[in-house]
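**Q** Quick one: structure below, then a few questions.
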Amino acid sequence: MSDTQTNLVKRVVIAGGGTAGWIAAAGLSHHLGPALEITLIESDTIGTVGVGEATIPTQRTFHAHLGLREADFMKATGATFKLGIEFEGWLKPGHRYIHSFGTLGRHTWVAPFHHLWLHAKSRGFGGSLDDYCLELKAARADKFYTAPDKSVLNYAYHLDATAYARFLRAFSEQKGVRRVEGLIEHVEQSSETGFIEALKLQSGERIEGDLFIDCTGFRGLLIEQALKTGFDDWSDWLPMNAAVAAQSEATGPAIPYTRAIAHEGGWRWRIPLQHRVGNGIVFDSNYLDPDEAEKKLRDAIDGPLRTDPRLIRFRTGRRKRAWNKNCVALGLSGGFLEPLESTSIHLIQRGVADLVALFPYHGVTEDLANLFSRKMNRELEQVRDFLILHYKLTEREDSDFWRGRKAMDIPDTLAERIALFRESAYAYHNCDELFLTDSWVQVMMGQGLYPTGWHAVGHMFPDDKLKGALDGQRAQIERAVQQLPAHEDFVRQYCPVT
Ligand code: FAD
121 MSDTQTNLVK RVVIAGGGTA GWIAAAGLSH HLGPALEITL IESDTIGTVG VGEATIPTQR
181 TFHAHLGLRE ADFMKATGAT FKLGIEFEGW LKPGHRYIHS FGTLGRHTWV APFHHLWLHA
241 KSRGFGGSLD DYCLELKAAR ADKFYTAPDK SVLNYAYHLD ATAYARFLRA FSEQKGVRRV
301 EGLIEHVEQS SETGFIEALK LQSGERIEGD LFIDCTGFRG LLIEQALKTG FDDWSDWLPM
361 NAAVAAQSEA TGPAIPYTRA IAHEGGWRWR IPLQHRVGNG IVFDSNYLDP DEAEKKLRDA
421 IDGPLRTDPR LIRFRTGRRK RAWNKNCVAL GLSGGFLEPL ESTSIHLIQR GVADLVALFP
481 YHGVTEDLAN LFSRKMNREL EQVRDFLILH YKLTEREDSD FWRGRKAMDI PDTLAERIAL
541 FRESAYAYHN CDELFLTDSW VQVMMGQGLY PTGWHAVGHM FPDDKLKGAL DGQRAQIERA
601 VQQLPAHEDF VRQYCPVT
């Protein structure tokens, strides 16, 4: 073997065993296992953040790459299916819309479907845009169906975060990951290069490594406390800085979508699992006191509580570099954008996939670290803009909080997208972007941004032909939804918690 083929980076140490730590362990051990020695350190005395229960469809791709059986994963995590998020009161109190994981109608090659629909509306027909989306209609009807490898619906999951970490731990240990229980007390760095050499535990044990993955949560023990990487604070745009979370008993069938319910100082989530419901209230503590937030949450929960409400504080933004020296930050240690569109678990999985692809076998280089950091930064910026959109387009005037959101300055990238859509209904996604065109359209229209102009593609069709085609699409979706089983019944037979 020549020198350049020597595997210089072999010992990978993952600090932290929350969702991020075990996703990293599962992904690295499955894809690169025989080439690496992977150790994960976690501390029972510190525990995990324990929330993070709604996901997006990319999770299915990650699981497929690991070869996981969907029903096994769902049974182990009490999971239900998720077809989208319902935003209640975001435009104004009493208003609601769903951002689904589906596509809207049949796109033409010249322009996406919503241009045809806008033309139809201007001619007095076409119905509601929602009627052209199978996932959205299935969500509203509480229906669901999938079959291994041939689902007609695009979906994600609601899951128990603690059980998910446990499930991935069993998977990773079986692939050879060594787990060490203990408290990391000291990060040893080279006095010459600043690279991390070892983690010293309270027990006295010293764990050496070549590459370190920081999954220690908000504290960023390696990436920030040791390496002083720095943080880009995005709280001017995304001012949420706290949440109170509590689990409750289910009081009815689990619905196949997350509820995001706006209130005067932020919003509240409701996530139905098979065996319980996850609830939380997200707020800006400049506008809402944590005690008031807890009271609001308690008042809103419909079933008996299973856990005491727990306050979690956070800051929105991202680490300046996701990969600094020989340390890669994944999960909350790398940044957090608030849970509005359930993107954190996706971002961890995206980071692991990039790390697998860019793994520095022959030694950590500045170029690899730069490329990885650039990719993560870009992905986070795109998600950030999508989240800000929900707040910026509000018409709420009932509190200083919402008036502030409406009036805030926004990134130029987002301002341009909003202007384009308003003028011409033009919506797009960049080739590496998580949220696709139809997601942007659903949220922009859901938030009341109705374009003043649109593509002329509708003029290609006589009204009666276009009307016939649109009626046909709507009827087809209606029939398909009628044939689907109830979500609750499907879950019970497909993947019941035993
Ligand atoms: P943590 O769960 O905090 O884990 C940190 C780990 O580091 C623990 O194992 C701990 O023991 C270990 N550790 C720390 N310090 C030491 C030490 N000194 N020695 C040894 N071990 C140490 N994401 C979604 O995708 N969907 C959602 O719906 C969603 N909702 C959220 C709601 C809220 C309010 C918040 C705050 C987050 C939400 N997230 C969501 C994000 C999601 O919870 C996290 O991305 C995910 O749980 C990953 O967390 P983590 O593993 O990075 O950190």
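Counting along the sequence shown from 1, when you hit position 70 you're at 190 in my numbering, and nothing is skipped either side.
Glycine included, every Cβ here is placed at the ideal spot set by N, Cα and C.
Just to confirm, is the Cβ distance from TRP66 to LEU319 under 8 Å?
**A** This structure cannot settle anything about residue 66, because the visible part of the chain is limited to 121 through 618.
**Q** Starting from the C-beta of THR124, find all residues in its chain whose C-beta is less than 8 Å away, skip the five residues before and the five after it, and write them out in chain order.
**A** Position 4 of the sequence shown, counted from the start, is the residue given in the question as residue 124. In this prediction, THR124 has a pLDDT of 49, which is less than 50 and means its spatial position is unreliable; what the coordinates show is noted afterwards. Excluding positions up to five away in sequence, the list reads HIS482.
**Q** List the endpoints of the continuous alpha helix (DSSP H) containing TRP142.
**A** For this step, residue 142 is matched to residue 22 along the sequence shown. Its alpha helix (DSSP H) spans residues 139-152.
**Q** DSSP three-state label for GLY592, please.
**A** Start at 1 with the first residue of the sequence shown, and residue 592 comes out as number 472. Residue state, collapsed to three classes: helix.
**Q** Between ILE401 and MET496, what straight-line distance do the alpha-carbon atoms span, to the nearest angstrom?
**A** Reading the sequence shown from its first residue, position 281 is the one you call residue 401. Reading the sequence shown from its first residue, position 376 is the one you call residue 496. Cα-Cα distance, rounded: 28 Å.
**Q** Would you check if the segment 357-365 and the segment 325-345 touch, i.e. whether three or more CB-CB distances between them fall below 8 Å?
**A** With the cut-off at 8 Å, the segment 325-345 and the segment 357-365 do not touch.
**Q** Please find out if some non-hydrogen atom of the ligand FAD comes closer than 7 Å to the beta-carbon of SER462.
**A** For the purposes of this step, residue 462 is identified with residue 342 of the sequence shown, where counting begins at 1. For the ligand FAD, at least one heavy atom lies less than 7 Å from the Cβ of SER462.
**Q** Is LYS130 helix, strand or coil when you go by DSSP?
**A** To locate residue 130, count along the sequence shown from 1; it is residue 10. LYS130 falls in the coil class under three-state DSSP.
**Q** Taking all protein chains shown into account, decide if ALA267 is buried (16 or more other Cβ within 10 angstroms of its Cβ) or exposed.
**A** For the purposes of this step, residue 267 is taken as residue 147 along the sequence shown, with counting starting at 1. So ALA267 counts as exposed.
**Q** Going by the DSSP bridge assignment, what does LYS320 pair with across the sheet?
**A** Numbered from 1 along the sequence shown, position 200 holds the residue referred to as residue 320. The partner list for LYS320 (beta bridge, DSSP) reads HIS306 and ARG326.
**Q** Determine the contact status of GLY302 and LEU321, defining contact as a CB-CB distance below 8 Å.
**A** Reading the sequence shown from its first residue, position 182 is the one you call residue 302. Reading the sequence shown from its first residue, position 201 is the one you call residue 321. Yes, these two residues count as a Cβ contact at 8 Å.
**Q** Leaving out the 5 sequence neighbours to the left and right, which residues in its chain are closer than 8 Å to VAL577 when beta-carbon positions are compared?
**A** For the purposes of this step, residue 577 is taken as the residue at position 457 of the sequence shown. Result list for VAL577: THR228, VAL230, ALA231, HIS235, LEU236 and HIS239, in chain order.
**Q** Within 7 Å: the Cβ of LEU341 and any heavy atom of the ligand FAD?
**A** For the purposes of this step, residue 341 is taken as residue 221 along the sequence shown, with counting starting at 1. It does: the Cβ of LEU341 is within 7 Å (strictly closer) of some heavy atom of the ligand FAD.
**Q** So the alpha helix (DSSP H) GLU536 belongs to, where does it begin and stop?
**A** Counted from its first residue, the sequence shown places residue 536 at position 416. Per DSSP, GLU536 belongs to the alpha helix (DSSP H) from 532-544.
**Q** Would you say SER89 and ALA370 are within 8 Å of each other, going by their C-beta atoms?
**A** Because residue 89 is not part of the residues shown, which for the chain are 121 to 618, the question remains open.
**Q** Taking only three categories from DSSP, how would you classify MET121?
**A** Here residue 121 refers to the residue found at position 1 when the sequence shown is read from its first residue. Its pLDDT being 38, under 50, MET121 is placed unreliably in this model, and the value from its coordinates should be taken loosely. Reduced to three states, the DSSP call for MET121 is coil.
**Q** Does the beta carbon of SER559 fall short of 7 Å from some heavy atom of the ligand FAD?
**A** Position 439 of the sequence shown, counting from 1, holds the residue named residue 559. Outside the cutoff, so no.
**Q** Any C-beta of chain C sitting closer than 8 Å to the C-beta of TRP522?
**A** Annotation note: the requested chain C is absent from the structure, which comprises a single protein chain.
**Q** Which residue marks the beginning of the alpha helix (DSSP H) containing PRO410, and which one marks its end?
**A** Mapped onto the sequence shown, residue 410 falls at position 290. From DSSP, the alpha helix (DSSP H) with PRO410 extends over 410-420.
**Q** Nearer than 7 Å: is that true of the beta carbon of VAL448 relative to any heavy atom of the ligand FAD?
**A** Counting from 1 along the sequence shown, the entry for residue 448 is found at position 328. Incorrect: VAL448 has no Cβ contact closer than 7 Å to the ligand FAD.
**Q** Taking only runs that begin and end inside the segment 363-437, name each unbroken alpha helix (DSSP H) of 4 or more residues, in chain order.
**A** If we require 4 residues or more, the alpha helix (DSSP H) runs fully inside the segment 363-437 come out as 410-420.
**Q** Span of the beta strand (DSSP E) holding ARG298?
**A** Residue 298 sits at position 178 when you count from the first residue of the sequence shown. That run of the beta strand (DSSP E) goes 298-301.
**Q** Can you give, in chain order, each stretch of the alpha helix (DSSP H) that sits fully within the segment 164-251 and has at least 4 residues?
**A** Correct list: 178-186, 190-197 and 233-242.
**Q** According to the neighbour-count rule (16 or more other Cβ atoms, all chains shown, within 10 Å of its Cβ), is GLU305 buried or exposed?
**A** Position 185 of the sequence shown, counting from 1, holds the residue named residue 305. The residue in question, GLU305, is exposed, as its Cβ has fewer than 16 Cβ neighbours within 10 Å.
**Q** In three-state DSSP terms, what is THR282?
**A** As a first step, residue 282 is located in the sequence shown; it is residue number 162 there, counting from the start. Helix, per DSSP.
**Q** Any heavy atom of the ligand ADP closer than 7 Å to the beta-carbon of LEU342?
**A** Looking for the ligand ADP in the displayed structure turns up nothing; the ligands present are the ligand FAD.
**Q** Could you name the residues of the same chain whose beta carbon sits closer than 6 Å to that of ARG379, not counting the 5 residues immediately before and after it, in chain order?
**A** By one-based count along the sequence shown, residue 379 stands at place 259. Here the set comprises GLU206 and ARG390.
**Q** State the DSSP-derived secondary structure class of GLU608, mapped to helix, strand or coil.
**A** Locating residue 608 in the sequence shown gives position 488, counting from the first residue. Three-state result, GLU608: helix.
**Q** Quick one: is CYS253 buried, meaning 16 or more other Cβ sit within 10 Å of its Cβ, or exposed?
**A** For the purposes of this step, residue 253 is identified with residue 133 of the sequence shown, where counting begins at 1. With 16 or more Cβ atoms within 10 Å of its Cβ, CYS253 is classed as buried.
**Q** Hey, would you say TYR265 sits closer than 8 Å to LEU590, going by beta carbons?
**A** Your numbering for residue 265 matches position 145 in the sequence shown. Your numbering for residue 590 matches position 470 in the sequence shown. No. Outside cutoff.
**Q** Excluding the five sequence neighbours on either side, which residues of its own chain have a C-beta within less than 7 Å of the C-beta of GLY172, listed in chain order?
**A** What you label residue 172 is simply residue 52 of the sequence shown in a count that begins at 1. Cβ within range, chain order: THR139, ALA281, SER464 and ILE465.
**Q** In whole angstroms, what is the alpha-carbon distance linking PHE182 and ALA442?
**A** Walking along the sequence shown from the start, residue 182 turns up at place 62. Walking along the sequence shown from the start, residue 442 turns up at place 322. Roughly 20 Å separates the two Cα atoms.
**Q** Here's a check: name, in chain order, each residue in its chain whose Cβ is nearer than 8 Å to the Cβ of ASP609, leaving out the five neighbours to either side.
**A** Here residue 609 refers to the residue found at position 489 of the sequence shown. Here the set comprises nothing.
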